[in-house]
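Chains A and B supply the protein sequences, listed in that same order. If you use the working numbering, the first sequence corresponds to residues 1 to 251, in order. If you use the working numbering, the second sequence corresponds to residues 252 to 357, in order. Backbone N, C-alpha and C define an ideal beta-carbon position, used for all residues, glycine too.
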Amino acid sequence: MRSTEPGRTPDVERSKAVRAAFAVGIAVAAYGLSFGALATASGLDVWQTCVLSLFMFSGGSQFAVIGVLATGGLAAAPAAIAGSTLLGARNALYSMRMGPVIGGPWWRRLLAAQWTIDESTAVGTAQPTLRGQRIGFWVTGAVIYVGWNLTTLIGALVGDLLGDVRMYGLDAAAAAAFLGLLWPRLKTRQPIAVAAGAAVVAALTLPFLPPGVPVLLAAAVAVVIGITNWLGPKPTRPAPTHPALDRDAGL
Amino acid sequence: MTAWNVVLLASILVLALKIAGYLVPARLLEKPTPARVAMLLTVALLAALVVTQTIQGTGGHPVAIDARLPALGVSAILLAVRAPFIVVVLAAAVVAAVLRLLGWMA
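Encoded structure:
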C-alpha cells in the first residue's frame with residue numbers, strides 16, 4: 001500500500017475521493033427536499049417521513065413507498081412494501097461488492113450496510129486504490145446521510161415553498177457525476193462493451209419495468225461478460241491446457 | 252395496516268437486503284472471475300445510472316427527454332477535454348437550469 005509512504009500520493013488519492021464524494025453527495029442530498037415535501041403530501045406525517053430517511057435510507061425505495069401510498073392509500077400497503085423491497089434488491093448487490101473493500105470487524109460492516117446505496121458504492125468503487133475506495137465510500141455515505149435527512153425534514157416542514165429542485169439542474173448534475181465516475185474506466189474494450197450493453201439494457205427496459213429494476217438487469221450484462229471474459233485480456237499465466245506441455249515443463 | 256406498519260416493515264426489509272450482501276465471504280471475490288465480474292459490475296452500474304438519471308421521468312411518465320440530455324452532452328464534451336470533475340458536474344447543472352429557465356426542454 002502506498003498510504004505508508006510520506007509524500008503527495010496519499011493526499012491526491014484522498015482529495016480526489018473527497019471531491020467526488022461531495023460533488024455527488026450534495027447534488028443527491030438536495031433531493032431530500034422533494035422527498036420530504038412529497039411524503040407529507042402522500043399522507044405520511046413528519047415523523048414517518050423522517051423515519052423512512054433515517055432507517056430505510058435508499059432514495060428509490062423511499063419514493064416507491066410514498067408513490068404507491070399517494071395513489072393507492074393504505075389499501076395499497078402490500079404493493080408499497082413489495083415495491084420498495086424490489087428497488088432495494090440492488091443494494092444487496094452493492095454490499096456484496098463493498099464487503100471486501102470495507103473489511104474490518106462485523107460492526108464496521110453493519111454500519112457500512114446502512115450507507116450502502118447507489119452513490120456511495122459508485123464513488124467508492126470508482127477510486128483507483130483501496131484507500132481511496134474506502135474514503136470515497138464513507139465520505140459519500142456520510143455527506144448523503146446527513147444531507148438527505150436534513151433536507152427530508154426541511155422538505156416535510158416547509159413543503160412546496162421551495163419548488164421543484166429540478167429547477168436548479170440538480171438532476172442533470174447527478175447524471176453528469178455518474179458519467180464523470182464512469183469515464184476513466186472506459187479504456188479497454190471489455191469495460192466499454194459492458195458500459196454500452198448496460199446503457200442499452202437500462203434504456204430499453206426503463207419504459208416497461210418499475211424504477212430500480214433496469215439497473216438490476218443492466219448488472220446482468222456485467223455478470224455475463226465477466227464470466228465468459230468476452231473481449232477480456234488473455235490470462236497472463238498460460239493455463240496448462242495440454243498434458244504434454246506440463247510434461248515438457250517438467251511438472 | 253397502519254402507515255407506521257408500512258414505514259417500519261418496508262424499512263426493515265430494505266435494510267436487511269443491504270446487510271445480506273455483507274454476509275457473502277470476502278474470499279469469494281479474490282478469485283479472477285468473481286474479481287472481474289465485480290469490476291465490471293461497477294461499470295454496468297454507473298452506465299445504467301447515467302441512463303436512468305438522464306431519461307427517467309416523474310409522475311407516472313417512465314421516460315422523459317428534457318434539459319438533462321443536452322446537459323449530459325455538455326458534460327461528456329468536458330470530460331473528453333479532461334475538465335476537472337467538479338467543473339463537469341457544475342456545468343451540467345448550469346446548462347439544465349438555464350435551459351429550463353428559458354423554457355426550452357423543460
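Per DSSP, the bridge partner or partners of residue i
i       : result
V314(B) : Q307(B)
Close-in-space but distant-in-sequence residues of the same chain around residue i (CB under 6 Å, 5 per side omitted)
i       : result
T309(B) : none
F137(A) : S120, G124
G132(A) : E13, A17
L259(B) : none
R189(A) : L231
R19(A)  : none
G250(A) : With a pLDDT of only 33 at G250(A), under 50, the local geometry of the prediction cannot be trusted, and no value is derived from it.
Spatial neighbours of residue i in its chain, beta-carbon cut-off 8 Å, leaving aside the 5 residues before and after
i       : result
A27(A)  : L170, A173, A174, A177
A219(A) : R90, L93, A198
L323(B) : V301, T305, A343
L206(A) : P214
V221(A) : V194, G197, A198, V201
W355(B) : A318
L111(A) : none
For residue i, the nearest candidate out of the options (CA to CA)
i       : options                            : result
L353(B) : V201(A), G99(A), M167(A)           : M167(A)
I225(A) : M96(A), F208(A), A203(A), A196(A)  : A196(A)
L266(B) : L161(A), P184(A), F57(A), A79(A)   : F57(A)
A80(A)  : G180(A), V68(A), G141(A)           : V68(A)
R97(A)  : A289(B), L329(B), R319(B), L350(B) : A289(B)
A156(A) : A203(A), C50(A), V201(A)           : C50(A)
F63(A)  : V346(B), A261(B), N256(B)          : A261(B)
L87(A)  : A254(B), L259(B), M252(B), L268(B) : L268(B)
R108(A) : I263(B), L274(B), P335(B), I337(B) : L274(B)
V340(B) : A21(A), N229(A), D11(A)            : A21(A)
F336(B) : L130(A), A126(A), T152(A), Q48(A)  : A126(A)
A327(B) : T116(A), D45(A), P184(A), L161(A)  : P184(A)
I270(B) : Q190(A), L38(A), I102(A)           : I102(A)
S95(A)  : D317(B), V314(B), V332(B), L292(B) : L292(B)
V194(A) : A295(B), A331(B), W355(B), L330(B) : A295(B)
L55(A)  : V201(A), T116(A), L179(A), A222(A) : Note on residue identity: the sequence assigns Phe, not Leu, to residue 55(A). Of the listed residues, the one whose Cα sits closest to F55(A) is T116(A).
A315(B) : A203(A), V223(A), P233(A)          : A203(A)
L130(A) : L110(A), P100(A), P191(A), V139(A) : P100(A)
V146(A) : S53(A), D118(A), G36(A), V201(A)   : S53(A)
T152(A) : V65(A), V46(A), G25(A)             : V46(A)
S42(A)  : P105(A), S61(A), G73(A), A30(A)    : G73(A)
V349(B) : P276(B), P321(B), R287(B)          : P321(B)
L264(B) : S61(A), A29(A), T40(A)             : S61(A)
D118(A) : T40(A), G25(A), I154(A)            : G25(A)
G159(A) : S15(A), P233(A), A39(A)            : A39(A)
W148(A) : A29(A), N229(A), D11(A)            : A29(A)
Status (buried if at least 16 other CB within 10 Å, exposed otherwise) for residue i
i       : result
G59(A)  : buried
G311(B) : exposed
L231(A) : exposed
T284(B) : exposed
F208(A) : exposed
I144(A) : buried
I227(A) : exposed
G32(A)  : buried
G141(A) : buried
V346(B) : buried
G180(A) : buried
L216(A) : buried
T303(B) : buried
S84(A)  : buried
P191(A) : buried
G104(A) : exposed
Other residues of its chain near residue i: CB distance less than 7 Å, five sequence neighbours each side excluded
i      : result
A23(A) : A177
G36(A) : T49, T151, T152, L153, I154, G155, A156
Residue-level contact to chain C via CB, residue i, 7 Å cutoff
i       : result
L280(B) : Protein chains in the displayed structure are A and B, and chain C is not among them.
**Report entry** Near-chain A residues of the stretch 257-277 of chain B - C-beta to any C-beta below 9 Å
**Finding:** V257, V258, L259, L260, A261, S262, I263, L264, V265, L266, A267, L268, K269, I270, A271, G272, Y273, L274, V275, P276, A277
Query raised in the report: Going along the stretch 283-312 of chain B in order, which residues come within less than 7 Å of chain A, judged by CB to CB distance?
Result: T284, R287, V288, A289, L291, L292, T293, V294, A295, L296, L297, A298, A299, L300, V301, V302, T303, Q304, T305, I306, Q307
Query raised in the report: What are the residues of the stretch 315-339 of chain B that lie near chain A, defined by any Cβ-Cβ distance shorter than 7 Å?
Result: A318, R319, A322, L323, S326, A327, L330, F336, I337, V339
Report task. Can you give me, in chain order, the residues of the stretch 88-107 of chain A that have a beta carbon less than 9 Å from any beta carbon in chain B? Result -> Listed in sequence order: G88, A89, R90, N91, A92, L93, Y94, S95, M96, R97, M98, G99, P100, I102, G103, W106.
Query raised in the report: Using a Cβ cut-off of 7 Å, which residues of the stretch 136-151 of chain A contact any Cβ in chain B, in chain order?
Result: none
Report task. Compile a chain-ordered list of the residues in the stretch 71-85 of chain A whose CB is closer than 7 Å to at least one CB of chain B. Result -> L74, A77, A80, I81, S84, T85
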